[in-house]
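2 protein chains.
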Amino acid sequence: MAYANDMAVDAPRAARTGTGLASALAVAVNRLSRRLRQERDSDLTATQLSALGTLRGHGPLTAGALAMHERVQPPSMTRTVNCLVEAGTVRREPHPTDGRQVVLHLSEQGAALLAAERRRRDAWLAQRLRALTPEQRDLLRRAAPVLEELARG
Amino acid sequence: MAYANDMAVDAPRAARTGTGLASALAVAVNRLSRRLRQERDSDLTATQLSALGTLRGHGPLTAGALAMHERVQPPSMTRTVNCLVEAGTVRREPHPTDGRQVVLHLSEQGAALLAAERRRRDAWLAQRLRALTPEQRDLLRRAAPVLEELARG
DNA sequence: TATTGTTATACTCTATAACTATA
DNA sequence: TATAGTTATAGAGTATAACAATA
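Chains A and B, in that order, give the protein sequences.
Quick note: the first sequence uses this note's numbering, first residue 18, plus one each step.
Quick note: the second sequence uses this note's numbering, first residue 18, plus one each step.
#1: For the region 147-155 of chain A against the region 93-113 of chain A, are there 3 or more C-beta pairs whose distance is under 8 Å?
#2: How many angstroms separate the CA atom of Arg159 (chain A) from the CA atom of Thr114 (chain B)?
#3: Is it the case that the Cβ atoms of Leu78 (chain B) and Leu69 (chain B) are separated by a distance below 8 Å?
#4: Closer than 7 Å by beta-carbon distance: list the chain B residues that pair up with Ala160 (chain A), in chain order.
#5: Which chain B residues sit within Cβ distance under 8 Å of Val44 (chain A)?
#6: Where in the region 121-161 of chain A do unbroken runs of the beta strand (DSSP E), each at least 3 residues long, occur, reported from the N-terminal end onward?
#7: Determine, using beta carbons only, whether Ala82 (chain A) and Gln90 (chain A) come nearer to each other than 8 Å.
#8: At a CB-CB cut-off below 8 Å, which residues of chain B make contact with Ala168 (chain A)?
#9: Starting from Val102 (chain A), follow the alpha helix (DSSP H) in both directions and report where the run begins and ends.
#10: Can you find a CB in chain B that lies within less than 8 Å of the CB of Leu38 (chain A)?
#11: Taking the DSSP output, what are the residues bridged to Leu78 (chain A)?
#12: Can you list, in chain order, the residues of its chain whose CB lies under 7 Å from that of Arg109 (chain B), leaving out five sequence neighbours each side?
#13: Give me the Cα-Cα distance between Ser50 (chain B) and Leu38 (chain B), rounded to the nearest whole angstrom.
#14: Out of B:His86, B:Arg54 and B:Ser67, which one is the CA nearest neighbour of Ala128 (chain B)?
#15: So, helix, strand or coil for Arg51 (chain A), using DSSP?
#16: Find the nearest neighbour of Leu130 (chain B) within the set B:Leu157, B:Val107 and B:Ala143, judged by alpha-carbon distance.
#17: According to DSSP, what are the bridge partners of Arg108 (chain A)?
#18: Would Gln90 (chain B) count as contacting chain A if we go by Cβ distances under 8 Å?
#19: Would Ala168 (chain B) and Ala143 (chain A) be called neighbours here (beta carbons separated by less than 8 Å)?
#20: Alpha carbon to alpha carbon, how far is Arg117 (chain B) from Ala133 (chain A)?
#21: Among residues of its own chain, excluding the 5 on either side of Val98 (chain B), which ones have a beta-carbon nearer than 8 Å to its beta-carbon?
#22: Can you check whether the CB of Asp139 (chain B) is closer than 8 Å to the CB of Ala43 (chain A)?
#23: Compute the Euclidean distance between the alpha carbons of Glu125 (chain B) and Arg136 (chain A), then round it to the nearest angstrom.
#24: Could you have a look at Thr64 (chain A) and say whether DSSP puts it in helix, strand or coil?
#25: Taking only the alpha-carbon atoms, compute the straight-line gap between Leu123 (chain A) and His112 (chain A) and give it to the nearest angstrom.
Structure, rendered in structure tokens:
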């Protein structure tokens with residue numbers, strides 16, 4: 018016997034039947050993520066923006082801590098940070114007590130760029146959201162933190 | 018004056034303040050999408066599974082139609098399809114009336130692989146979902162089709 | 001001439017393994 | 001010896017531009 022998610026691959030069907038939530042959610046999230054990536058229009062990629070956003074939200078972080086927050090392996094973060102430093106959006110500074118660690122700081126230029134890029138990146142989604150009903154927007158407003166919690170796990 | 022989404026970068030804050038929904042949603046969706054990609058454990062990638070899933074849902078499609086559904090450019094889909102054909106999960110067949118077009122069919126082997134992979138991919142998310150409250154799950158169940166609708170735009 | 005699909009090429013993201021420097 | 005970060009290397013996804021075949 019197949020699993021429930023083999024019988025309900027699309028979100029509308031999952032909503033009707035009450036089965037396959039995991040599958041429907043995974044598909045929807047992946048599609049929307051890809052769609053959002055298409056809408057960015059700048060020098061910074063979605064991955065770089067995400068790292069900058071984390072630095073803005075949390076303040077300075079070590080390379081390892083940033084990698085953990087972004088859920089990537091350290092070498093991947095090294096590469097991303099190299100791009101960000103080269104673009105002048107992030108500064109590498111020595112750790113005060115541990116010579117092995119590096120502390121990453123968002124530069125003023127980085128903060129400004131982040132704000133501008135985020136506006137651009139969100140423009141498409143914000144426009145789409147305005148086309149929804151108030152109830153649907155409220156639904157998404159309450160769902161967003163739950164999605165974050167799922168990702169945090 | 019900055020946009021609302023510059024003041025609320027994280028989902029919980031957006032939920033509290035009622036601002037920055039687009040930004041919070043974009044961040045949450047991107048994080049969860051990346052997290053889900055980490056959880057796959059198979060020969061097929063998330064992109065390949067998504068293409069197979071679309072073929073299963075819609076039946077045979079031309080290369081161009083599949084690219085449109087997956088929201089990628091035709092050359093990207095060519096590459097994905099090459100991998101799928103090489104893996105024996107998809108067959109290329111000639112279009113009955115138009116010699117330029119190619120019709121892509123999900124093979125039986127592809128359907129079986131898809132089912133198995135989807136189970137594996139969803140296992141992590143399903144487990145995480147069980148840790149939520151029934152209200153949160155219901156929230157996501159209703160949010161999933163809205164996310165799909167946003168992506169479809 | 002327009003359309004469909006592919007090939008050529010390049011760039012980004014990501015990972016694992018190996019290496020360096022420091023604790 | 002263990003840890004933090006980087007470098008080296010490789011594989012996948014995506015895109016644009018150029019090309020082939022067909023309509």
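By construction, the Cβ of each residue, glycine as well, lies at the ideal position given by its N, Cα and C atoms.
Predicted model, so just to flag it, every value in this text is computed and none were measured.
Taking the coordinates as given:
#1: no
#2: Along the first sequence, read from residue 1 onward, the residue named residue 159 (chain A) stands at position 142. Along the second sequence, read from residue 1 onward, the residue named residue 114 (chain B) stands at position 97. Looking at the two C-alpha atoms, the distance is approximately 50 Å.
#3: The sequence position of residue 78 (chain B) within the second sequence is 61, counting from 1. The sequence position of residue 69 (chain B) within the second sequence is 52, counting from 1. Not in contact: Leu78 (chain B) and Leu69 (chain B) (Cβ atoms no closer than 8 Å).
#4: One-based indexing of the first sequence puts residue 160 (chain A) at position 143. Simply Leu156, Leu157 and Ala160.
#5: On the first sequence, position 27 is the one that residue 44 (chain A) refers to. Those are Ser67, Gly70 and Glu165, listed as they occur along chain B.
#6: DSSP runs (the beta strand (DSSP E)) wholly in the region 121-161 of chain A: none.
#7: The count along the first sequence starts at 1 and reaches residue 82 (chain A) at position 65. The count along the first sequence starts at 1 and reaches residue 90 (chain A) at position 73. No, they are not a contact pair.
#8: Numbered from 1 along the first sequence, position 151 holds the residue referred to as residue 168 (chain A). By Cβ distance, chain B contributes Ala45, Arg48, Leu49, Arg51 and Arg52.
#9: Here the question's residue 102 (chain A) lines up with position 85 in the first sequence. Here the alpha helix (DSSP H) through Val102 (chain A) covers Pro91 to Glu103.
#10: Position 21 of the first sequence, counting from 1, holds the residue named residue 38 (chain A). For Leu38 (chain A), the answer is yes, since a Cβ of chain B falls inside 8 Å of its Cβ.
#11: Position 61 of the first sequence, counting from 1, holds the residue named residue 78 (chain A). According to DSSP, which records beta bridges pairwise, Leu78 (chain A) is partnered with A:Leu121.
#12: Reading the second sequence from its first residue, position 92 is the one you call residue 109 (chain B). Within the same chain, Arg109 (chain B) has close Cβ partners Val102, Val119 and Leu121.
#13: Sequence index remark: in the second sequence, residue 50 (chain B) carries index 33 (1-based). Sequence index remark: in the second sequence, residue 38 (chain B) carries index 21 (1-based). Cα-Cα distance, rounded: 18 Å.
#14: For this step, residue 128 (chain B) is matched to residue 111 along the second sequence. The residue with the shortest Cα to Cα distance from Ala128 (chain B) is B:Ser67.
#15: Counted from its first residue, the first sequence places residue 51 (chain A) at position 34. In the structure shown, Arg51 (chain A) sits in a helix (DSSP, three-state: H, G or I).
#16: Within the second sequence, the letter at position 113 stands for residue 130 (chain B). When only C-alpha atoms are compared, the closest one is B:Val107.
#17: Along the first sequence, one-based indexing puts residue 108 (chain A) at 91. In DSSP, Arg108 (chain A) forms a bridge with A:His122.
#18: Here residue 90 (chain B) refers to the residue found at position 73 when the second sequence is read from its first residue. No, its Cβ sits nowhere closer than 8 Å to a Cβ of chain A.
#19: Position 151 of the second sequence, counting from 1, holds the residue named residue 168 (chain B). Position 126 of the first sequence, counting from 1, holds the residue named residue 143 (chain A). No, the pair does not count as a contact, with Cβ atoms beyond the cut-off.
#20: The residue you call residue 117 (chain B) lines up with position 100 of the second sequence. The residue you call residue 133 (chain A) lines up with position 116 of the first sequence. The straight-line gap from Cα to Cα measures roughly 44 Å.
#21: As a position in the second sequence, residue 98 (chain B) is number 81, starting the count at 1. Only Ala68, Ala80, Leu83, Val107, Arg109 and Leu121 meet the Cβ criterion.
#22: Position 26 of the first sequence, counted from the first residue, corresponds to residue 43 (chain A). Position 122 of the second sequence, counted from the first residue, corresponds to residue 139 (chain B). Yes. Within cutoff.
#23: Within the second sequence, the letter at position 108 stands for residue 125 (chain B). Within the first sequence, the letter at position 119 stands for residue 136 (chain A). In a straight line, the C-alpha of Glu125 (chain B) is about 45 Å away from that of Arg136 (chain A).
#24: Taking the first residue of the first sequence as 1, we reach residue 64 (chain A) at position 47. The answer is helix: DSSP assigns Thr64 (chain A) an H, G or I state.
#25: To locate residue 123 (chain A), count along the first sequence from 1; it is residue 106. To locate residue 112 (chain A), count along the first sequence from 1; it is residue 95. Answer to the nearest angstrom: the Cα atoms are 15 Å apart.
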